[in-house]
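Asks: Below: one structure in structure tokens.
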Amino acid sequence: MKNMDKDFIDSFLIDFDDSRFPSEFLQNYETLECLANGQMGETLLVKERQTGNFCVAKCYSDKSLLAHTTEGDVLRIIHNDRLPAFIAEYKNEEMICVVREYIDGISLDKFIARNKLSQDQIISIVMQLCNDITYLHEQTPPIIHRDIKPQNIVMDESGKPRLIDFGSSRVYDAEALEDTVCFGTRHFAAPEQYGFSQTDCRTDIFALGVLLAWLLTGDTDIRTSIPAINNMNLQRIVKKCTAFSPDRRYASAAQVKAALINVDGQRQKKMVQGLIGVTVCTAFLCLGFVIGRFTEITPAFLTGSELEFEEPLVEQAVRLSLGKKDGEPISQEDILMVTELYIYGDHPAASSEEFEALGQRMVLNDGTVKNGNISSLKDLSSFTNLKIINIALENISDLSPLSGLDKLEKVVLKHNPVEDVTPLAGLPFLKEIVLFDSRVTDLNSLATCPNLESIDIGKTYVTSIDSISELRNITSLAVKHTVLDSLTGIEGLSRLKQIRLGDVADGDLSLLLLQPELEMLYLDEALREHANPLRGNGQFQIFFD
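Written out as structure tokens, the structure is:
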């Protein structure tokens, strides 16, 4: 095999024609090795001439696909330390070269060929991939990878799986009926990738199911691999992931992760990343890296200091996210894996769906969800990769520990005595904040959050639009169970597409007719009579609840 690889590389280098490549690309990068060569083009290991940094260049030369190549666009959107970073893109009439971060490691298929993994290790790998896929699918619009397979997953130096190769990815278009070009790999490609319908997030769920089946059985054909899975719960998970109809699959990677956490009828918490890290490190020391250089390896379990938590509920939620059992150390590196955190009252949750279900139980007042006792968010100050925080029904008032979490995209802190939101000011990726049933009176400090689109300030101390008048980019506003003095000033929030109102003291809703982009208006029954002048005069729909 080694001689075959050498022969392939030698042959490639002999035939290598650099005249096809964009001149600026050749000026900036030195070509070192061909990592892959296919119909679409070549994947090259390159070195940046100025810095000496190693990078990967995906060079597309198939002219029929040049117009559909979106890898550069997709990588520009991604801001996640676990996913390859975009570096540059070069193009001419014959080729597009997308340069991205090079991740040291060994592909999952080669890693599995050299190591036999336990069921717990397999579940650990897939759960970590669920986190990455969830991140992609939660972009606006969602990013669909469309080619999840062992060859596109690298086990890095610390033993963690890293998803690579976004050459087949696309940004989801809800208006499209089908994909322009079909991509994917046999067995891992979902039926819709063969033209049955357009791909969406559930396409990646299909591939994730095939990957799980392959890890458990060594077989990529689900017709034979599913019956070979001994654990019936895992078999059911794979079946649901790989259902022919997307509607019958899990709706999200978070749901797959939640199912894996509960795979044995109890919380599955035996993440053995340390063991994987040892095996990977041994493999690297023995084999060296693909370009023959040695890199010092410092495993996380040797360098990471054990964390101690101030809030027990926060610790429980972190352990649930990581799949770590009580008493198992949590290191500094572990917390970088946590991108979402869900706690409702006295219950940690594994996903947004489970969080919402707890909320429904709280509304029903069935006694199963009680007030939590979290009073401080200091534990979260070092969770620098957090994207989503959903913590409800606690005693949180101080948000200052969140001020440095600049990757936050969604913050839900309903049923908390929050008064001051200025610690969240300037967060670059914050899109949504829910402060229902809090004590906030003014949110204008959040005008420095450039991507803030949605706010919920129902049942708060806000009584005037002046409290949010500077948030001119928001598209969704909820002010339920709150009485506003009037709607004066709402005309300045001209990008609103959706509004939810509880009550307006002066009963005048006419300013809503000046909203140029308003599509949906939700009103409490108390405003039904006041809404009559709006009927037939606006371009928006009116709903009462």
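For the sequence shown, position 336 matches number 1571 in this note's numbering, and the numbering has no gaps at all. C-beta atoms are modelled at their ideal positions from N, C-alpha and C, and glycine is treated no differently. None of these values were measured; they are calculated from a predicted model.
1) Pull up the distance between the alpha-carbon of TYR1370 and that of CYS1436, whole angstroms please.
2) Secondary structure at MET1755, three-state DSSP: helix, strand or coil?
3) Taking the straight line between their C-alpha atoms, what separation do you get for HIS1314 and GLY1639?
4) Looking at the structure shown, is TYR1485 part of a helix, part of a strand, or coil, going by DSSP?
5) Using C-beta distances below 6 Å, list every residue in its chain close to ILE1668, excluding the 5 sequence neighbours before and after it, in chain order.
6) From GLU1546 to LEU1267, what does the alpha carbon distance come to, in whole angstroms?
7) May I ask you to list the residues that DSSP assigns as paired with ASN1708?
8) Look up MET1236 in the DSSP assignment and say whether it is helix, strand or coil.
9) Could you give the first and the last residue of the continuous alpha helix (DSSP H) run that contains ASP1344?
10) Measuring straight from C-alpha to C-alpha, what distance separates ASP1253 and LEU1749?
11) Beta-carbon separation of LEU1364 and LEU1398 under 8 Å?
12) Taking the beta carbon of HIS1372 as the centre, do at least 16 other beta carbons fall within 10 Å, making it buried, or is it exposed?
13) Let me know if VAL1718 comes out buried or exposed under the rule of 16 or more other beta-carbons within 10 Å of its beta-carbon.
14) Alpha carbon to alpha carbon, how far is LEU1769 from SER1745? Give it in angstroms, no decimals.
15) Can you give the Cα-Cα distance for PRO1376 and SER1359, rounded to whole angstroms?
16) From this set, ILE1692, SER1632, CYS1684, ALA1682, which residue's C-alpha is nearest THR1676's C-alpha?
17) How many whole angstroms separate the CB atoms of ALA1478 and ARG1484, which I take to be in contact at a CB cut-off of 8 Å?
18) Tell me, which residues are paired with CYS1294 by DSSP?
19) Leaving out the 5 sequence neighbours to the left and right, which residues in its chain are closer than 8 Å to ARG1763 when beta-carbon positions are compared?
20) Using 10 angstroms around the beta-carbon of ASP1456, count the other beta-carbons present and answer buried if the total reaches 16, otherwise exposed.
21) Pair every Cβ in the stretch 1602-1615 with every Cβ in the stretch 1572-1591, then say whether three or more of these pairs are closer than 8 Å.
22) Can the beta-carbon of GLY1742 be found closer than 8 Å to that of LYS1715?
23) Could you check how far apart the C-beta atoms of VAL1553 and VAL1573 are, in whole angstroms? I think they sit under 8 Å.
24) For ILE1725, which residues of its own chain have a beta-carbon under 6 Å away from its beta-carbon, when the five flanking residues on both sides are left out?
25) Go through its chain and collect everything with a Cβ distance to GLY1444's Cβ below 6 Å, but skip five positions before and after it.
26) Near LYS1613, which residues of its chain fall below 6 Å by C-beta distance, leaving aside the five closest residues on each side in sequence?
27) Which one or two residues does DSSP pair with ASN1625 in a beta bridge?
28) Using 10 angstroms around the beta-carbon of VAL1656, count the other beta-carbons present and answer buried if the total reaches 16, otherwise exposed.
29) Grab the span of the beta strand (DSSP E) containing VAL1669 for me, first residue to last.
30) Please report the Cβ distance between SER1704 and GLY1727, rounded to the nearest whole angstrom; I am assuming they are in contact, meaning their Cβ atoms lie under 8 Å.
31) Figure out for me which residue from SER1616, ARG1674, ARG1707 has the closest Cα to the Cα of LEU1687.
32) Taking its Cβ as the centre, do 16 or more other Cβ atoms sit within 10 Å of ASP1482, making it buried, or is it exposed?
33) Quick one: what does DSSP say TYR1325 is sitting in, helix, strand or coil?
34) Do GLY1558 and ILE1782 come within 8 Å of each other at the CB atom, strictly closer than that value?
35) Let's see if you can read the secondary structure: which residues bound the alpha helix (DSSP H) around HIS1582?
36) How should SER1586 be labelled, buried or exposed, when 16 other C-beta atoms within 10 angstroms of its C-beta is the threshold for buried?
Replies: On the basis of the data shown:
1) Cα to Cα, the separation comes out at about 11 Å.
2) Residue state for MET1755 is assigned as strand, using DSSP reduced to three classes.
3) Approximately 16 Å between the Cα atoms of the pair.
4) If DSSP states are grouped into helix, strand and coil, TYR1485 belongs with coil.
5) The answer, listed in chain order, is VAL1646, ILE1690.
6) The C-alpha of LEU1267 is placed about 50 Å away from the C-alpha of GLU1546.
7) Looking at the DSSP assignment, ASN1708 forms no beta bridge with any residue, so it has no partner.
8) The pLDDT assigned to MET1236 is 41, lower than 50, so where the model puts this residue is not dependable; a value taken from the coordinates is nonetheless given after this. It is coil, neither helix nor strand.
9) Under the DSSP assignment, ASP1344 falls in the alpha helix (DSSP H) whose first and last residues are 1343-1349.
10) Each residue's alpha carbon lies about 59 Å from the other.
11) In contact: LEU1364 and LEU1398 (Cβ atoms closer than 8 Å).
12) Buried: at least 16 other Cβ atoms inside 10 Å.
13) Counting C-beta atoms within 10 angstroms of its own C-beta, VAL1718 has fewer than 16 neighbours from the protein chains shown and is therefore classed as exposed.
14) Their Cα atoms are separated by approximately 7 Å.
15) Computed Cα separation, rounded: 28 Å.
16) It is ILE1692 whose Cα lies nearest to the Cα of THR1676.
17) About 5 Å separates the beta carbons of ALA1478 and ARG1484, which is inside the 8 Å limit, making them a contact pair.
18) For CYS1294, which the question treats as bridged, DSSP gives the partners GLU1277, CYS1332.
19) So the list reads PHE1779, once near-sequence residues are dropped.
20) With a 10 Å radius around the Cβ and a threshold of 16 neighbouring Cβ atoms, ASP1456 comes out exposed.
21) With a cut-off of 8 Å, the stretch 1572-1591 and the stretch 1602-1615 count as touching, because enough Cβ pairs lie within range.
22) Result no, Cβ atoms of GLY1742 and LYS1715 do not sit closer than 8 Å.
23) Between VAL1553 and VAL1573 a beta carbon distance of about 6 Å is seen, short of the 8 Å cut, so the two are scored as contacting.
24) ILE1700, LEU1746, listed in sequence order.
25) Once the five neighbours on either side are set aside, the close Cβ partners of GLY1444 are VAL1473, CYS1476, THR1477.
26) GLU1545, PRO1636.
27) According to DSSP, ASN1625 bridges with TYR1577, VAL1647.
28) Classification for VAL1656: buried.
29) Unbroken beta strand (DSSP E) run through VAL1669: 1667-1669.
30) Their Cβ separation, rounded to whole angstroms, is 6 Å, which keeps SER1704 and GLY1727 in contact under 8 Å.
31) When each option's Cα is compared against that of LEU1687, the closest is ARG1707.
32) Exposed, since its Cβ has fewer than 16 Cβ neighbours within 10 Å.
33) The answer is strand: DSSP assigns TYR1325 an E or B state.
34) Since the first and last residues shown for the chain are 1236 and 1780, residue 1782 lies out of range.
35) It is not in any alpha helix (DSSP H) - HIS1582 instead sits in the beta strand (DSSP E) that spans 1582-1584.
36) Residue burial annotation: SER1586 is buried, with at least 16 other C-beta atoms found within 10 angstroms of its C-beta.
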